[in-house]
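Asks:
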Amino acid sequence: MKSLTHEQTFLVNELWILAWGASVQRAKLFAKEGQGKADFRARIKGFVFHQLLRHYEQGCTEEEHYKNIADLVEFGARVLPPLLEDGTYKYGVAQKLLNLTLKYYWCLGYIPEPPQCPVDRIVIGKTHLRGKVNWTEIRDESKYREVIEAIRKVAGGVSLARWELINYRRQ
């Protein structure tokens, strides 16, 4: 990624805080007595910024995107396992963080359109999976793929990222 101005760096950092908060706020990710949340967050941020975002600078295929989410899940589980509930970094949480970060970068013009969209309650609620799948409990790629296919059906011929951008409204 090209070097950012101070103003751009400020925006990127503020958007990271929003993406992080959105990915963990209802996820029950951390064990109750877990110490080291700031370190965990910083290490995840470093991985996303230095390892994953470069895959999106020239565009990324959907299969590469699935691999990137899986890599983030694996990395997150290795960072501080005792900090995490059940020692796992949930797939649903990882996809939300990465997809929301990509959405922000795309909207800022830093990357081309991402292959998917952030999946959460509002987006799932627009599909036949409403009330059947909780994004914070998605633990594997197969369940996530099921949700993505449900979104794809609702989106019709519109890309997932564009469809979500147009249709997402906080409630």
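Numbered according to the numbering used here, the sequence shown spans residues -5 to 165. Backbone N, C-alpha and C define an ideal beta-carbon position, used for all residues, glycine too. This structure is a prediction, so every number in the text was calculated from the model and none was measured.
Mapping DSSP to helix, strand and coil, what is leucine 78?
Replies: Here residue 78 refers to the residue found at position 84 when the sequence shown is read from its first residue. If DSSP states are grouped into helix, strand and coil, leucine 78 belongs with the strands.
Asks: Pick out whichever of Asp33, His122, Arg124, Tyr138 has its Cα sitting closest to the Cα of asparagine 93.
Replies: Translated into positions along the sequence shown, residue 93 becomes position 99. The residue with the shortest Cα to Cα distance from asparagine 93 is Tyr138.
Asks: Taking the DSSP output, what are the residues bridged to phenylalanine 41?
Replies: Translated into positions along the sequence shown, residue 41 becomes position 47. Phenylalanine 41 is not bridged to any residue.
Asks: For the segment 88 to 150, which segments carrying the alpha helix (DSSP H) assignment without a break, of at least 4 residues, lie completely within its bounds, in sequence order?
Replies: 115 to 118, 135 to 149
Asks: Give me the Cβ distance between isoleucine 132 and lysine 84, rounded to the nearest whole Å; I'm assuming they're in contact under 8 Å.
Replies: As a first step, residue 132 must be located in the sequence shown, where it is residue number 138. As a first step, residue 84 must be located in the sequence shown, where it is residue number 90. Correct: roughly 7 Å between the Cβ atoms.
Asks: Check this for me: beta carbons of proline 106 and glycine 53, under 8 Å apart or not?
Replies: Here residue 106 is taken as the residue at index 112 of the sequence shown, counted from 1. Here residue 53 is taken as the residue at index 59 of the sequence shown, counted from 1. Yes, these two residues count as a Cβ contact at 8 Å.
Asks: What are the start and end residues of the alpha helix (DSSP H) that includes alanine 71?
Replies: If you number the sequence shown from 1, residue 71 lands on position 77. That run of the alpha helix (DSSP H) goes 56 to 73.
Asks: If the criterion is Cβ atoms closer than 8 Å, does the pair arginine 164 and leucine 154 meet it?
Replies: Taking the first residue of the sequence shown as position 1, residue 164 is located at position 170. Taking the first residue of the sequence shown as position 1, residue 154 is located at position 160. Against a cut-off of 8 Å, the Cβ pair of leucine 154 and arginine 164 comes out as no contact.
Asks: Looking only at its chain, what residues have a beta carbon closer than 8 Å to the beta carbon of isoleucine 116, apart from the 5 residues adjacent to it on each side?
Replies: Here residue 116 refers to the residue found at position 122 when the sequence shown is read from its first residue. Excluding sequence neighbours, isoleucine 116 sits near Tyr162, Arg163, Arg164, Gln165.
Asks: Cα separation between cysteine 101 and tryptophan 157?
Replies: For the purposes of this step, residue 101 is taken as the residue at position 107 of the sequence shown. For the purposes of this step, residue 157 is taken as the residue at position 163 of the sequence shown. Looking at the two C-alpha atoms, the distance is approximately 13 Å.
Asks: Pull the bridge partners of phenylalanine 34 from the DSSP assignment, please.
Replies: For this step, residue 34 is matched to residue 40 along the sequence shown. In the DSSP output, where bridge partners are listed per residue, phenylalanine 34 has none listed.
Asks: Within 8 Å, do at least three Cβ pairs link the segment 6 to 13 to the segment 45 to 63?
Replies: no
Asks: Taking the DSSP output, what are the residues bridged to phenylalanine 24?
Replies: Position 30 of the sequence shown holds residue 24. Phenylalanine 24 is bridged to Leu78.
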